[in-house]
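Using the working numbering, read the sequence shown as starting at 59 and increasing by one per residue.
Note that beta-carbon positions come from the ideal geometry of N, C-alpha and C, so glycine has one too.
A quick write-up on the structure given underneath.
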Amino acid sequence: MGCNNSTKENEIKVTIKVVDSYTQKPRVNDRVEIRIGKWGFPTRRYVEVGQYFTDSLGTVSINLDKNERYSFMTFGPQHAFGSDEYKKGELKDRQQVVIKVVPPEKKQFKIEE
59 MGCNNSTKEN
69 EIKVTIKVVD
79 SYTQKPRVND
89 RVEIRIGKWG
99 FPTRRYVEVG
109 QYFTDSLGTV
119 SINLDKNERY
129 SFMTFGPQHA
139 FGSDEYKKGE
149 LKDRQQVVIK
159 VVPPEKKQFK
169 IEE
């Protein structure tokens with residue numbers, strides 16, 4: 059899977075690894091949303107590329123366009139959340155993006171349901 063407007067020469071493979079910020083262990087079956095940053099009015103907007111689930115190693119691999127701005131967000135059980143963002147050209151081929159998620163029981167605030 060890859061981006062819609064990507065050409066082969068701009069295509070890079072990126073691996074997103076989601077880990078627990080305290081134990082450094084991989085987070086399995088967390089949902090990873092990948093979005094492209096686009097200019098909108100009055101501010102930037104983000105268009106979803108896709109949603110993926112981490113494997114047994116806590117990773118998701120995807121082909122992306124190196125000339126786009128990307129936002130990666132992870133969502134896990136009990137409101138576990140992590141994110142990272144990269145400007146155009148910052149991601150490199152075969153790069154691993156590590157997103158550290160603070161477990162819900164370690165957060166400094168409480169989320170009411």
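Give the straight-line distance between the Cα atoms of residue i and residue j, rounded to the nearest whole angstrom.
| i | j | result |
| --- | --- | --- |
| Arg-85 | Thr-112 | 7 Å |
| Val-159 | Pro-100 | 31 Å |
| Met-59 | Lys-145 | Reliability of the predicted coordinates at Met-59 is poor, the pLDDT of 43 falling under 50, and the value obtained from them is presented with this limitation in mind. Straight-line Cα distance between these residues: approximately 21 Å. |
| Tyr-80 | Pro-162 | 11 Å |
| Val-156 | Ile-74 | 6 Å |
| Ile-120 | Val-76 | 14 Å |
Here's the rule I'm using: 16 or more other beta-carbon atoms within 10 Å means buried, otherwise exposed. How should residue i be labelled?
| i | result |
| --- | --- |
| Glu-126 | buried |
| Val-105 | exposed |
| Lys-66 | exposed |
| Asn-150 | It should be pointed out that residue 150 corresponds to Lys in this sequence rather than to Asn. Lys-150 comes out exposed. |
Considering Cα atoms alone, identify which of the options is closest to residue i.
| i | options | result |
| --- | --- | --- |
| Lys-96 | Ile-157, Tyr-128 and Asp-151 | Tyr-128 |
| Glu-148 | Pro-161, Leu-122 and Glu-163 | Leu-122 |
| Asp-142 | Ile-70, Gln-136 and Gln-154 | Gln-154 |
| Asn-68 | Lys-124, Arg-152 and Thr-132 | Lys-124 |
So is residue i in contact with chain C if we call contact Cβ pairs under 8 Å?
| i | result |
| --- | --- |
| Ile-70 | The chain inventory of the structure shown lacks chain C, comprising one protein chain alone. |
At which residue ranges does the segment 142–167 contain complete beta strand (DSSP E) runs of 3 or more residues, listed in the order of the chain? 153–159
Enumerate, from N- to C-terminal direction, the unbroken beta strand (DSSP E) stretches of 3 or more residues contained entirely within the segment 89–128. 89–96, 103–111 and 117–123
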